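Presented below is the structure to which this report refers.
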Amino acid sequence: MINKKVIIIGPAFPFRGGIANFNNALAQEYHNRGDQVTLYSFTLQYPSFLFPGTTQYESGEAPKNFKIKTLINSVNPFNWVSVASKINKEQPDYVIIRYWLPFMAPCLGSIARLLNKRIKIIAITDNVIPHEKRIGDTLFTRYFVKSCDAFLSLSRSVLDDLSMFTDSTFKKFIPHPSYDVFGNTIPKEKAIENLGLKPKDKHLLFFGFVRKYKGLDLMLQAMSDNRIIDLEIKLIIAGEFYDDKIEYTDMIADLGIAKNIIMKSDFIPADKVKDYFCAADMITQTYRSATQSGVTQIAYSFNRPMLVTDVGGLAEIVPNNKVGYVTSQNPTEIADAIINFYTNNKEEEFSDNTRLEKKRFSWRFFVEGLDELMNSVKK
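Mapped onto the working numbering, the consecutive letters of the sequence shown carry residue numbers 1270 to 1648.
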């Protein structure tokens, strides 16, 4: 029995990255409960000159339980009319649009405006104020927001930011669900072996693409603390550099911590993610700014302790001194937490607590929250 017909607009396989992973997992949950779900993804997401990485795509097998239609060209207005026409013909109960960057506002906002007026449109807003600001951001975001009926944010800070663009009462916060798409937890010893690491070493993990707002420089400064050097703690940096890599390698050399850094500066394919998380003692996210982060939910899926800075929505996802630490952006305070973690043998305690805490981050709860929000909208 099909309950609803749902269309999700946003990047999906073979596009890589957290938003694509999220959309694939969300579609899977709709399928699991018997809904008919289709993902409308991109033929062109970013022009190559706007994309800082090596490739926008990943290898592997496409999901089998739902349709992915790669149809949207982000810069072609004629395409937007065609895509909206195709969606209208499918007559969905509602359309979910992922919004994460003002660059996408003309495309996504125009498609939304061209949909049949009876179709409910909900935006999942990862950000409405971008981490890296540009001229026109506010104008573009307002254009998109005005095209939607309801809004779901993944952090309370983004929910607050929405008030700058709409006075709609049809909005709510539901935390980012825990990922279940990267495989099962494996023993730490096996993960360390898979990565060719030394079994006796202590390993922290900084995971994901590197940009200024993610604060890798803060983590490197913390790693230069003599107490951390004395404990011979290693930091694994696993992810592609969207900033100038030389800036960070020079910093590592200047701080004299090269022997404590393990650099894996390529995109990490989905089937290797579990190795990095399961090999790490603790996941570190020393962000300068944030709304929410998929990295914390990957950490939850593998029951890994976390260290996050007190920015955006990170602290509401990582209870301090329960599943990890919430610190300021001061490198000394970051180092203090790391030393506390190792000298007081906190790994097992925090890991056990993640198993309990992650129960509030289920995909079923998330989809039910979307239902409640959309049922409140009358069209």
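Just so it is clear, CB atoms sit at the ideal spot from N, CA and C, and this is done for glycine as well.
In this text the structure is predicted, and so the values were computed from the model without any measurement.
Tell me whether residue i sits in a helix, a strand or coil according to DSSP, three-state version.
| i | result |
| --- | --- |
| lysine 1661 | Given that the chain is displayed from residue 1270 to residue 1648, the structure contains no residue 1661 and the question cannot be resolved. |
| threonine 1596 | strand |
| arginine 1285 | coil |
| alanine 1507 | strand |
| lysine 1274 | strand |
| leucine 1295 | helix |
| leucine 1500 | coil |
| valine 1479 | strand |
| asparagine 1228 | There is simply no residue 1228 to check, as the chain begins at 1270 and stops at 1648 in what is shown. |
| lysine 1647 | coil |
| isoleucine 1531 | strand |
| asparagine 1589 | strand |
| phenylalanine 1536 | coil |
| methionine 1580 | Note that residue 1580 corresponds to valine in the displayed sequence, not to methionine. Reduced to three states, the DSSP call for valine 1580 is coil. |
| histidine 1682 | Residue 1682 falls outside the range modelled here, since the chain spans only 1270 to 1648, and no answer is possible. |
| isoleucine 1526 | coil |
| aspartate 1486 | helix |
| lysine 1628 | helix |
| serine 1570 | helix |
| lysine 1514 | helix |
How long is the line joining the alpha carbons of residue i and residue j, rounded to whole angstroms?
| i | j | result |
| --- | --- | --- |
| lysine 1503 | aspartate 1535 | 18 angstroms |
| glycine 1484 | lysine 1647 | 43 angstroms |
| methionine 1270 | glycine 1303 | Unreliable positioning characterises methionine 1270 in this predicted model, as indicated by a pLDDT of 42, which lies under 50. A coordinate reading is not provided. |
| isoleucine 1398 | proline 1600 | 26 angstroms |
| isoleucine 1288 | tyrosine 1315 | 14 angstroms |
| phenylalanine 1451 | alanine 1539 | 6 angstroms |
| cysteine 1376 | asparagine 1301 | 30 angstroms |
| leucine 1408 | asparagine 1334 | 38 angstroms |
| isoleucine 1650 | serine 1562 | The shown model of the chain, from 1270 to 1648, leaves out residue 1650, and the question about it has no answer. |
| tyrosine 1594 | glycine 1405 | 37 angstroms |
| valine 1352 | glutamate 1617 | 50 angstroms |
| aspartate 1470 | threonine 1339 | 44 angstroms |
| asparagine 1396 | tyrosine 1556 | 15 angstroms |
| phenylalanine 1478 | methionine 1488 | 15 angstroms |
| tyrosine 1482 | glutamate 1509 | 15 angstroms |
| glycine 1286 | threonine 1518 | 24 angstroms |
| asparagine 1357 | isoleucine 1388 | 8 angstroms |
| asparagine 1453 | arginine 1573 | 13 angstroms |
| cysteine 1570 | aspartate 1512 | As written in the sequence, residue 1570 is serine, which differs from the cysteine given in the question. Taking the straight line joining both Cα atoms gives about 28 angstroms. |
| lysine 1627 | lysine 1543 | 17 angstroms |
| isoleucine 1515 | proline 1280 | 30 angstroms |
| serine 1631 | leucine 1370 | 25 angstroms |
| lysine 1274 | tyrosine 1299 | 9 angstroms |
| glutamate 1501 | valine 1414 | 49 angstroms |
| phenylalanine 1291 | glutamate 1458 | 29 angstroms |
Sort out for me which residues DSSP pairs residue i with in a bridge.
| i | result |
| --- | --- |
| asparagine 1342 | Leu1313 |
| phenylalanine 1247 | This structure gives no information on residue 1247, because the portion of the chain shown stretches from 1270 to 1648. |
| isoleucine 1552 | Leu1474 and Met1575 |
| leucine 1308 | Ile1277 and Ile1337 |
If I'm right that residue i touches residue j with Cβ under 8 angstroms, what's the distance once you round it to whole angstroms?
| i | j | result |
| --- | --- | --- |
| valine 1587 | valine 1577 | 5 angstroms |
| isoleucine 1390 | tryptophan 1349 | Going by Cβ atoms, the distance from isoleucine 1390 to tryptophan 1349 rounds to 14 angstroms, so no, they are not a contact pair. |
| leucine 1421 | leucine 1642 | 6 angstroms |
| alanine 1294 | leucine 1308 | Not quite, the Cβ-Cβ distance comes to about 11 angstroms (not below 8 angstroms), so this is no contact. |
| cysteine 1548 | alanine 1460 | For the sequence presented, residue 1548 should be read as alanine rather than cysteine. The Cβ separation is near 4 angstroms, so the contact holds. |
query = Which residue spans inside the region 1356 to 1383 form an unbroken beta strand (DSSP E) run of at least 3?
reply = 1363 to 1368
request  = Jot down the residue ranges of each uninterrupted beta strand (DSSP E) in the region 1375 to 1442, minimum 3 residues, whole runs only, in chain order.
outcome  = 1389 to 1394, 1419 to 1422 and 1440 to 1442
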